[in-house]
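**Q** Shown below is the structure under consideration.
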Ligand SMILES: [Zn+2]
């Protein structure tokens, strides 16, 4: 007898690399911490998040078009070393 309505629409986000929409759980959340892009796979870090496919291609595109500072509303360039490492490890090849 719970009156809960089920929300079936799964949340979508736009990848800042290829600009394609994808389900939130297919994308990696990124937050800016102290001038660096930090991967937030569990989505627990506070602040604005940007979403990108966890693949080097999308990461490179995002870096090239400076999508992270824009999406995260920070003025300067962001370091993506940690993020790149994370993505390359996530590839697992
Ligand atoms: Zn993408």
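Numbering (full-length UniProt numbering), first residue to last: 1 to 93.
Ideal Cβ placement from N, Cα and C applies to all residues, glycine included.
In this text, all values refer to a predicted model and were calculated from it rather than measured experimentally.
1) By DSSP's criteria, residue 45 is part of a beta bridge. Which residues make up the other side?
2) For residue 20, is the beta carbon positioned less than 7 Å from some heavy atom of ligand 1?
3) What is the C-beta distance between residue 78 and residue 69, in whole angstroms, given that I count them as a contact (C-beta under 8 Å)?
4) Pull up the DSSP beta-bridge partners for residue 12, would you.
5) Identify whether residue 79 lies in helix, strand or coil by the three-state DSSP scheme.
6) In whole angstroms, what is the alpha-carbon distance linking residue 52 and residue 44?
7) If I'm right that residue 21 touches residue 12 with Cβ under 8 Å, what's the distance once you round it to whole angstroms?
8) If you reduce the DSSP assignment to three classes, tell me which class residue 69 lands in.
**A** So, to answer that:
1) The residue you call residue 45 lines up with position 45 of the chain shown. Answer is none; residue 45 lacks a bridge partner.
2) The residue given as residue 20 occupies position 20 in the chain shown. Residue 20: yes, Cβ under 7 Å from ligand 1.
3) Counting from one through the chain shown, the residue named residue 78 turns up at place 78. Counting from one through the chain shown, the residue named residue 69 turns up at place 69. With a Cβ gap of about 6 Å, residue 78 and residue 69 count as contacting.
4) Indexing the chain shown from 1 puts residue 12 at position 12. DSSP lists 23 as partners of residue 12.
5) Walking along the chain shown from the start, residue 79 turns up at place 79. Residue state, collapsed to three classes: strand.
6) Residue 52 sits at position 52 when you count from the first residue of the chain shown. Residue 44 sits at position 44 when you count from the first residue of the chain shown. Those two C-alpha atoms are separated by around 16 Å.
7) For the purposes of this step, residue 21 is identified with residue 21 of the chain shown, where counting begins at 1. For the purposes of this step, residue 12 is identified with residue 12 of the chain shown, where counting begins at 1. The pair is a contact, with the Cβ atoms about 5 Å apart (cut-off 8 Å).
8) Translated into the one-based positions of the chain shown, residue 69 becomes position 69. Residue 69: helix per DSSP, three-state reduction.
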